[in-house]
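To start, the structure itself, in structure tokens.
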Amino acid sequence: MSPIFENRFQEFRNEELIELTLGCLDAIEKLGSYSKKKELKEFHRLVGYEFVKNFSNNPSIYLISSAISNYLLYSPNNEKIKIEGLIYPTCVRSDAIRELGLNYAIDPCIIGFGNKIEFLTAYRSKVEKLKDGYFQTEVFQCKKINIYSGEIVW
Numbered sequence: 313m314s315p316i317f318e319n320r321f322q323e324f325r326n327e328e329l330i331e332l333t334l335g336c337l338d339a340i341e342k343l344g345s346y347s348k349k350k351e352l353k354e355f356h357r358l359v360g361y362e363f364v365k366n367f368s369n370n371p372s373i374y375l376i377s378s379a380i381s382n383y384l385l386y387s388p389n390n391e392k393i394k395i396e397g398l399i400y401p402t403c404v405r406s407d408a409i410r411e412l413g414l415n416y417a418i419d420p421c422i423i424g425f426g427n428k429i430e431f432l433t434a435y436r437s438k439v440e441k442l443k444d445g446y447f448q449t450e451v452f453q454c455k456k457i458n459i460y461s462g463e464i465v466w
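Numbered per my numbering, the sequence shown spans residues 313 to 466.
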């Protein structure tokens, strides 16, 4: 699994992912004579902002992060090192919630009987903004999972 970079300048952030991010930035610095370190770090920063956007019911807000995830998972450039999944922090800007968990984007081809991940069930939370902040108000368990396609039915 490969972490998506946490932005260290966000007010609410996952400190463990910050360490991974700083390690990635350090790896960029160690690229020797690579002439585009500044541009690579800027790209890193922009990707970080896309993956820590506020929670929204509007699916178009995640257009860029979805495109990046799909590219990383399915790019023909990944023939030598296949990326099978991505992990990135929860996107709600509340310290109490952002440290609760992570989001996963997993290639459905590795899920199922006899594969690397056997997907037994999935849960989805309903989070609402109330007077004092964001709170999980309900938890839904999926109705079924197709172990061959990875499709989750809610």
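Every residue gets a Cβ at the ideal spot worked out from N, C-alpha and C, and that includes glycine.
Taking the Cα of Lys441 as reference, the smallest distance to any Cα among Asn369, Ala434, Cys421 is reached at Asn369.
Taking every protein chain shown into account, the CB of Leu358 has fewer than 16 other CB atoms within 10 angstroms, so this residue is exposed. Along the length of the stretch 408-453, whole beta strand (DSSP E) runs at least 3 residues long occupy 414-418, 435-442, 445-453, reported in chain order. When C-alpha distances from Gly335 are compared across Lys455, His356, Phe452, the shortest belongs to His356.
DSSP places Ile376 inside the alpha helix (DSSP H), whose first and last residues are 375-386. Under DSSP, Lys456 takes part in a beta bridge, and its partners are Val465.
Non-local beta-carbon contacts of Lys438 in its own chain, meaning distances under 8 Å to residues more than five positions away in sequence, involve Gln448, Thr449, Glu450, Val451, Phe452 in chain order. Excluding sequence positions up to five before and after Ala434, its CB lies within less than 7 Å of the CB of Cys454, Ile457, Ile464, all in the same chain and listed in chain order. For Gly344, no alpha helix (DSSP H) segment is defined, and its DSSP state is neither H nor E.
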